[in-house]
Amino acid sequence: MPSECLSASDVFKTQKTPFSRRPGFKVGPLNLRMAQGEIVGLLGANGAGKTTALKLLMGLLVPDSGSIELVGFKSSNIEWRSRVGYLPEQPAFYEYLTGREFLHFAAELFGIASSTSRSRSASLLEKVGLAASADRRIRTYSKGMQQRLGIAQALLNEPRLLVLDEPMSGLDPMGRRFVRDLMLELRSQGCSILFSTHVIPDAEFVCDRIALMRMGTLLAVGTLDELLGIPSQFEVTCTRNAGTERETFPVAKDQLPEAIAKLLAQGAHLVSVSPLRASVEDLLAPARVPVA
Amino acid sequence: MSALRRVWAVAYNTHLESVRQRLFLGLLVVALLLMSSALVLKDISVHQDLKILMDIGLGSAEFFGTLIALFLGSDLVSRDVERRTLHLLLVKPLSRTEFIFGRYLGLCSTLATCTVLLALGLAMALWAAHGVFSLGLLKAFYSIFLQLALTGVVGAFLSCLGSRPLALMGSTIICILGRMSDVLKNASLVLEGFPDWLGQALYRVLPNFQIFDLKSRAVYGDEIPTALLSYLTMYDIAYSVFLLALAAIAFRNRDLK
Amino acid sequence: MKSLLLAMAVAGGAVLAVQPPIEQALTAMGPEPDAHSVWTGPVVRSLSVGFSDVLADLYWLRAVQCYGRQKIDGTYGSFADLEPLLQTAAALDPRFEMVYRYGAVFLSEPTPVGAGKPKAGVALLKQGADANPLNWRLRQEEGLFTFFYLNDPLGAAEILKSASLIPDAPFWMNSLAAQILSNGGEIEAALQMWTILYERSEPGLLRDNAASQVRVAQNRLLAKRLQEKVKAYREKSGDQTSSLERLKELGVIETFVDLVGVPFEFDAAQGVVRVSRESSLWRR
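Which chain is which? The protein sequence lines are H, X and L, in order.
Note that the numbering used here numbers the first sequence so that position 163 is 182, with each residue one more than the last.
Note that the numbering used here numbers the second sequence so that position 214 is 197, with each residue one more than the last.
Note that the numbering used here numbers the third sequence so that position 125 is 166, with each residue one more than the last.
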């Protein structure tokens, strides 16, 4: 794999509640490799261990075993942190600071020169749509605004790897679209992105590859085609007679161009053509899990 | 160099926190009350107004300061862990050790501001009562600040190990024990079967807050040797470094949930 | 990790190393004017906002600490803070019996055992007895202390008589008064009264004090007996032997050492036998 920016091998972690006899929540084995400029979606139901996995990668949780490398550094060497951006799930800020002040504070920690910090904070605040409220205390921010600020602080160091935990949560549809567009834009600039979500279309839309998690285990990692297979049939939907009649029917893959040409010749309106295959939901549903 | 810059950033942010949370405003009110009490005390205390003023001034600095040091100290790291504000910081090039030292320096600067505010309050009250803010008083306030910093470091240490209530309880108990250190030292003379070595060890190991108490000496105008203050400063710094380093070791592999 | 451990080692060493010079510097400054910096009685009571009992306990504890610390440090004679602390504790909780009883012992006993202020001790007991008119024990001790420490048998007898009028006062109180009047200042009376106090006080410091006072009185009594024997021998034989040791060899006296084994002092010119200052049973 050319210029790897993340590699986790055989990472295990058992989270025990102190003073409790119950067996702890086990995460692992985590085996994941990411190339530079790739978007990987970590997909799983609530409680699948996505956040734990990301915290392990970010060093917030200490793994019981296994090794992690980030942007070419071993995780024990904190050099990697200046090249990685991280957005935790529901980020918590020092609420007595203003949005701008928080970014300046974060820039200090990154060691960014103060003139650069000023201009970069301003442009990021503009970008995430917080320019107007940049000088208000974070205490007064809505959940969505805090999420946007969280994204801004993760981009402050112009990271090579961006790790986002549920980046769309708390955002309105406009905000979700903004985040999706942002991810695509960052990828085009060569940034790799690992993000977790439980919303399947979000993952399907932007991801190069998807990592499926269930009960603490990474089930499978691959492209949609790899995970679901290349479809042999498509479902075609069209309308006729100015939209009064609606029709849906399956078409084999090799007959698809002909079928569409025929429909158009008949004056029908083509509504959608979608591959007929198992959905990601099917993969996540416990009964049909193809254990990797 | 950049490590210093990060420690400084955390310290400044910690100081800013107490400014924004109106901590000093409350203390200003105390200082103002102190000043106005000067006018009342004059009439009811039979020529003792200056002494009482100084007693109140030094006493309230130590009392309020200790409360602030206990509460802020035991919140210092544990609150960031519990509120998960730390998750945003410890993925930046800030080591956990730098974070702990920065937080503690910020706390010290807050405590110094508190002490200065109350000292100013006393100075103005004394001025209103035609008294003098002596060099001895200044030294006593400095010694109070050292004591507060030591109280704070105990809280900070415990806040790296456990939850906020535990840290608060623990630091309060240690604070009380440290104010009775001579009782510990002599415990074997009073309690039958209490081993002398244990008393001596506790006396040497627990923070000794009694040695910082120069209040009455200052009020009665005793000479306070500068050498003593330098020794106290060294004791303070050494104790803080020891506890913070221990805290950093303990905090190094703590999971942030 | 290594640098942290190193920092810990250096700082830990420094903590231990810097403590002795601090202690030296503090000792060099002399004893602390402890209680003088604290307001006394009425002021504290008015500021106690409903917690006067707790505050009284704290002041009492402080008084005990102050007494104990000075005894341990050996800074005898500087019990200056004791009185204001006791006064304050008494003002905060006037029915706090132990403050008066123990406090009077702390104050009255001559140095090095106590502050050597018998007047203050008796005054404290009087204050307690006045504040608790139904407490015969406080009044009794006021009387006894007046006798022992102020050498005032008349005053003591008066006080004991008034104590005997308090309901529930023991029957022997009146005879105690009579005894004092009959042989005022005599060691026998002191011995008797300390014995009574010893038998009737609860185990603890007061009882221990009474016990040691019984020994002191017994020792003095022994000296007195020896002196009487020597006097009788001299009158009879005209022999002016100047050594108690020699007198013992002559069979005049049974012993020349006191109850703890320290030889008595003998003033041959005056014919007086005294307890030696070397003896632990010596009192001024």
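Quick reminder that beta carbons are idealized off the backbone N, C-alpha and C, glycines included.
If you're wondering where the values come from, they're calculated on a predicted model, not measured in any experiment.
Query, Result
"Show which residues of chain H have a CB atom less than 7 Å away from the CB atom of X:T68.", "A111, F112, Y113"
"So L:A183 and L:R142 are supposed to be a Cβ contact under 8 Å. How far apart are they, rounded?", "Residue 183 of chain L is actually Glu in this sequence, not Ala. About 10 Å separates the two Cβ atoms, so there is no contact after all."
"For X:N169, does the count of other Cβ atoms within 10 angstroms reach 16, so buried, or fall short, so exposed?", "buried"
"Helix, strand or coil for L:G118, going by three-state DSSP, please let me know.", "Because the pLDDT at L:G118 is just 49, under 50, the model does not fix this residue reliably, and the point stays unresolved."
"Between which two residues does the alpha helix (DSSP H) carrying X:F128 extend?", "118 to 144"
"Provide the residue span of the beta strand (DSSP E) that contains H:I229, from first to last.", "228 to 233"
"Between which two residues does the beta strand (DSSP E) harbouring H:M53 extend?", "44 to 54"
"For H:K32, write down the residues that DSSP places opposite it in a beta bridge.", "H:V46"
"Does DSSP put H:T117 in a helix, in a strand, or in coil?", "strand"
"State yes or no: is the beta carbon of X:N169 nearer than 8 Å to at least one beta carbon in chain H?", "no"
"Whose C-alpha, out of X:F82, X:P76, X:A108, is nearest the C-alpha of X:V23?", "X:A108"
"Please confirm if X:A93 has its CB atom under 8 Å from at least one CB of chain L.", "One point to set straight first is that residue 93 of chain X is Thr, not Ala, in the sequence displayed. No, because no Cβ of chain L sits closer than 8 Å to the Cβ of X:T93."
"Can you check whether the CB of X:G161 is closer than 8 Å to the CB of X:F192?", "yes"
"Using beta-carbon positions only, say whether H:V30 and H:P107 come within less than 8 Å of one another.", "no"
"Is the beta carbon of X:T(-3) less than 8 Å from the beta carbon of X:L53?", "no"
"Name the DSSP beta bridge partners of H:T236, please?", "H:R233"
"Give me the Cα-Cα distance between L:L185 and L:A156, rounded to the nearest whole angstrom.", "18 Å"
"Can you check whether the CB of L:A204 is closer than 8 Å to the CB of L:A210?", "yes"
"Restricting to runs no shorter than 3 residues, where is the beta strand (DSSP E) found entirely within the segment 140 to 187 of chain H?", "180 to 184"
"Near H:T70, which residues of its chain fall below 6 Å by C-beta distance, leaving aside the five closest residues on each side in sequence?", "E108, D184"
"Report the start-end ranges of each alpha helix (DSSP H) in the segment 26 to 80 of chain X that is 4 residues or longer and not cut off at the edges.", "32 to 58, 61 to 66, 69 to 72"
"Kindly indicate the opening and closing residues of the beta strand (DSSP E) around L:D308.", "306 to 308"
"Would X:A184 be called buried (16 or more neighbouring beta carbons within 10 Å of its own) or exposed?", "exposed"
"Would you say X:P208 faces chain L, with C-beta separation under 8 Å as the test?", "yes"
"Taking only the alpha-carbon atoms, compute the straight-line gap between L:A170 and L:N176 and give it to the nearest angstrom.", "7 Å"
"Using beta-carbon positions only, say whether X:L100 and X:L10 come within less than 8 Å of one another.", "yes"
"Can you give me the C-alpha to C-alpha distance between L:M214 and L:K202, rounded to a whole angstrom?", "7 Å"
"For a cutoff of 8 Å on Cβ pairs, would you count X:M152 as touching chain L?", "no"
"Starting from H:C257 and walking both ways along the beta strand (DSSP E), at which residues does that stretch end?", "252 to 259"
"So that I know if they touch, is there some Cβ in chain X lying closer than 8 Å to that of H:P107?", "yes"
"Would you mind reading off the limits of the alpha helix (DSSP H) that contains H:P220?", "219 to 225"
"Does X:R187 have its Cβ less than 8 Å from a Cβ in chain L?", "yes"
"Buried or exposed: H:A306, going by 16 or more other Cβ atoms within 10 Å of its Cβ?", "In this prediction, H:A306 has a pLDDT of 47, which is less than 50 and means its spatial position is unreliable; what the coordinates show is noted afterwards. Its Cβ having fewer than 16 others within 10 Å, H:A306 is exposed."
"How big is the Cα-Cα spacing for H:L128 and H:E145?", "22 Å"
"Can you pull the chain L residues whose beta carbon is under 7 Å from the beta carbon of X:F225, in chain order?", "M49, A52, G53, V56"
"List the residues of chain L whose Cβ lies closer than 7 Å to the Cβ of X:M107, in chain order.", "The contacting residues do not exist; X:M107 stays about 22 Å from chain L at best."
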